[in-house]
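One structure is given here, and the rest of the page talks about it.
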Amino acid sequence: MKIFIYFATLFAFVFLSALLILVIRKKGRKSHQNLLVFYIISVLGWILFLFFEDASQRLGYYRTAWVLERGKYFFITLVPIWILFIAHSLAKDGKNPGKLSYFLLIDPVVTQFGLWTNNKFHLYYSSFSVMNWSIGLLSATHIIIFFTIISVSIFYLCFFLKKSEKEMHPQAIILIIFTALPAVVNIAFIAKSEITPYATPFFFAISAYAYYKAISKYNFLENTPLVLRSIVDRISYVYIVLDDDLTIVDFNEPAFSAFPSHRLKKGNNFREIIDAYKAIFDYDKILSIIAEAKRTEKPVKTEIVYHPTEHNDTDRFFQCEFTPIFQKGKYRACILMGQDITQSKKAYASFVEQERLSSIAQMIGSVVQNLRAPVLRLSNSMENISGIIEECQNQVDSKSISTDDFIEIVREIKQNLQSQRAGLESFESILSAITTQTERLIVENDKIFSLAELVTRVEMLLKDKLNEAQCTLKTSNNCSTASCIKGDMNSLVQIIQALIMNSIYAYNGAEGLIYFTLSPKKGHVTLSVCDYAGGIAPEIQDKLFKQVVSTKGKHSSGISLYMAHATIIGHFQGKMWFTSKQNEGSEFFIELPLANSEADEESEE
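Take a look at the structure:
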């Protein structure tokens with residue numbers, strides 16, 4: 006019956022140890038977990054060899070017991086070494102003990118040498134049984150080294166207690182207690198107290214479980230609180246936590262859906278995700294961004310593109326943010342949050358194309374309107390010259406032309422030629438504007454243009470429209486003549502033109518003043534278009550920058566304020582806002598960064 010109890014207890018211990026090892030391996034393969042697995046295996050080996058040694062002694066198999074004893078001491082000498090490695094890893098944030106590990110080999114080597122040569126030299130003990138034995142020189146050396154290693158381990162655990170967060174203090178104290186307790190039990194056994202030899206490995210087994218609980222809590226990235234986990238899983242962004250080696254530590258449900266599920270596992274390297282996606286990522290860019298975030302200790306935002314190797318697939322775009330995580334000044338991990346913006350980019354591109362087509366339609370209408378005046382001027386001038394020629398011909402035929410009449414005819418011809426020349430110049434200016442507006446289809450984001458050129462272009466394009474509407478544009482350019490903006494001038498001209506046309510439309514055919522003002526402001530320029538046409542209705546104000554809104558029907562400018570707002574932010578890295586009072590008027594503001602050299606000059610002023 007007693008043997009059955011022993012075997013049942015041994016089986017239960019082996020089963021629980023194996024189960025704990027599987028749980029640890031499933032949680033990850035970091036240095037803490039690996040060392041703990043070796044520790045549990047060593048304690049398990051100690052107990053197994055002790056059990057079978059004791060059984061062999063009782064059954065009279067002394068030679069077998071002699072061999073099993075040497076195996077038992079091999080595991081006994083390893084147990085404190087693994088404890089020291091774990092304590093050192095906790096205290097030094099996972100650093101390798103270095104040359105210390107070579108020094109620790111002394112105890113296993115000396116102990117095995119003493120045991121295997123004991124029959125000849127009697128350096129380990131003079132007499133031995135499982136329950137009673139006499140200490141020799143090498144046995145004393147083993148005991149000293151054993152307790153020295155345990156003492157150093159307790160010192161490292163005290164250091165870990167001092168440097169760790171308050172949440173870890175209870176676990177650190179438990180580790181210190183359960184590291185010291187087996188040593189105290191072993192001292193009592195060595196002093197030949199009435200303690201079973203199974204007591205020491207039993208308490209070391211309990212300490213192994215204490216280490217497991219402490220290490221699980223120490224790895225704070227693997228134990229996200231339930232509420233936080235629920236929130237993280239419900240956000241639409243992809244969320245992946247990467248350690249210093251780009252090993253996946255944690256992720257959320259959207260990440261699990263976005264990437265291949267058989268690759269997205271804790272402990273796998275993020276490079277496997279890239280390879281599994283059959284896409285060409287800029288891997289070096291990812292590494293450099295993580296390094297930058299780690300160096301600056303600040304989040305870094307960027308757009309990452311991958312190009313599928315499949316010919317029938319298109320590029321995909323991710324807006325990503327890399328956030329470094331530090332604890333006690335030590336870099337722990339990097340949180341990658343990304344959103345697939347491919348559809349948004351496609352929708353934006355489609356929207357831009359629609360706006361461009363609308364602007365072309367508006368431009369054609371403007372061309373017809375703007376060309377009407379110079380064509381009419383040329384037509385009238387040609388009719389006048391034709392009448393003068395006919396009158397001159399009649400006078401020549403009747404021989405009644407005098408010198409004064411001839412001078413008057415020449416003067417009238419010169420007048421009409423001058424009128425034609427003015428009409429042609431107007432024609433040329435309008436055609437030039439049409440050409441540049443057409444070139445807007447190819448956006449030149451890096452082109453630098455002056456504010457003076459911008460003002461001239463706006464005034465020239467709106468001159469006839471303002472006259473027709475009986476409105477007056479008062480322009481005030483308070484910036485220096487050298488002030489420049491970087492971007493596509495045609496896009497900005499169209500936005501300002503749309504704002505002024507909105508003001509013209511707001512006056513509803515009545516005479517009115519429209520103010521176009523440019524003001525410098527610390528490396529930026531603020532453009533404003535102001536009118537006193539009664540303001541914007543409150544129900545329209547809330548929609549202006551949020552959706553496409555048009556209240557003018559066929560008189561629409563061709564570019565919505567929604568699109569204008571998006572262009573100012575996206576293409577010019579600027580801001581756009583407005584103020585409006587009902588029954589008074591409205592004012593729209595555009596703030597843009599000046600080109601670098603000019604921005605420096607403005608800042609110095």
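At position 458 of the sequence shown (counting the first as 1) the number is 463 in this note's numbering, and the numbers step up by one without a gap.
Ideal Cβ placement from N, Cα and C applies to all residues, glycine included.
These numbers come from a predicted model, not from an experiment.
GLY528 has its alpha-carbon roughly 6 angstroms from the corresponding atom of LEU599. Between CYS476 and TYR512, the gap from beta carbon to beta carbon is short of 9 angstroms.
DSSP places SER169 outside both helix and strand once states are collapsed to three, so it counts as coil.
Between the segment 73-90 and the segment 47-59 there are three or more inter-stretch CB-CB distances shorter than 8 angstroms, so the stretches are counted as touching. Here the segment 320-332 lies against the segment 293-310, with 3 or more beta-carbon pairs under 8 angstroms apart. Remark: fewer than three beta-carbon pairs, one from each stretch, lie closer than 8 angstroms, so the segment 335-355 and the segment 167-177 are not flagged as touching. Judged by DSSP in its simplified three-state form, ASP255 adopts strand. Judged by DSSP secondary structure, LYS333 falls outside any beta strand (DSSP E); it is assigned neither H nor E. It is roughly 25 angstroms from the alpha-carbon of THR146 to the alpha-carbon of LEU40. With contacts defined as CB atoms closer than 9 angstroms, ALA571 and TYR217 fail to qualify as a contacting pair.
The beta carbon of SER481 sits closer than 6 angstroms to the beta carbons of THR522 from its chain, once the five residues preceding and following it are set aside; these are given in chain order. DSSP assignment within the segment 513-588 yields the following whole beta strand (DSSP E) runs of 3 residues or more, N-terminal first: 517-526, 529-536, 580-586.
Residue range 67-96 is occupied by the alpha helix (DSSP H) that includes SER94. Its Cα nearest to that of LEU186, the residue PRO206 stands out among ASP409, PRO206, ARG300.
The closest CA to that of SER508, considering only ALA13, LEU471, LEU341, is found on LEU471. Note that the C-beta distance between ASN191 and PHE151 is below 9 angstroms. Here THR184 is near SER212, since their CB atoms are less than 9 angstroms apart. C-alpha of ILE182 to C-alpha of ILE195: approximately 20 angstroms in a straight line. In the structure shown, PRO206 adopts helical secondary structure according to DSSP, grouped into three states.
Taken atom to atom, the span from the alpha-carbon of GLN117 to that of ARG75 is near 7 angstroms.
According to the DSSP assignment, ASN482 belongs to the beta strand (DSSP E) that extends over 476-482.
In terms of Cβ geometry, VAL415 and ARG462 do not form a close pair [threshold 9 angstroms]. Take GLY540, set aside five residues on each side of it, and the residues of its chain with a beta-carbon closer than 8 angstroms to its own are SER585, LYS586, GLN587, ASN588, GLU589, GLY590, SER591, in chain order.
Contact holds between the segment 158-170 and the segment 88-103, because three or more Cβ pairs, one in each stretch, are under 8 angstroms apart.
The beta carbons of LEU467 and ILE500 sit about 13 angstroms from each other, so the pair does not count as a contact at 8 angstroms. Counting of Cβ neighbours within 10 angstroms places LEU55 among the buried residues, the total reaching 16 or more. For LEU120, the enclosing alpha helix (DSSP H) begins and ends at 111-121. Nearest neighbour of ALA210 by Cα position, chosen from LEU25, ILE453, LEU518, turns out to be LEU25. With fewer than 16 other CB atoms across the displayed protein chains lying within 10 angstroms of its CB, MET387 is exposed.
Here PHE108 is exposed. Its C-beta has fewer than 16 other C-beta atoms within 10 Å. A direct Cα-Cα distance of roughly 17 angstroms separates ILE148 from TYR203. From the listed residues ILE390, ARG63, PHE20, TRP71, the smallest Cα separation to ILE46 is found for PHE20. Beta-bridge pairing by DSSP links THR328 to ILE340. Between the alpha carbons of LEU429 and LYS419 lies a gap of roughly 15 angstroms.
Here PHE411 is exposed: its Cβ has fewer than 16 other Cβ atoms, across all protein chains shown, within 10 Å. ILE294 is not a Cβ neighbour of LEU269, given a cutoff of 9 angstroms.
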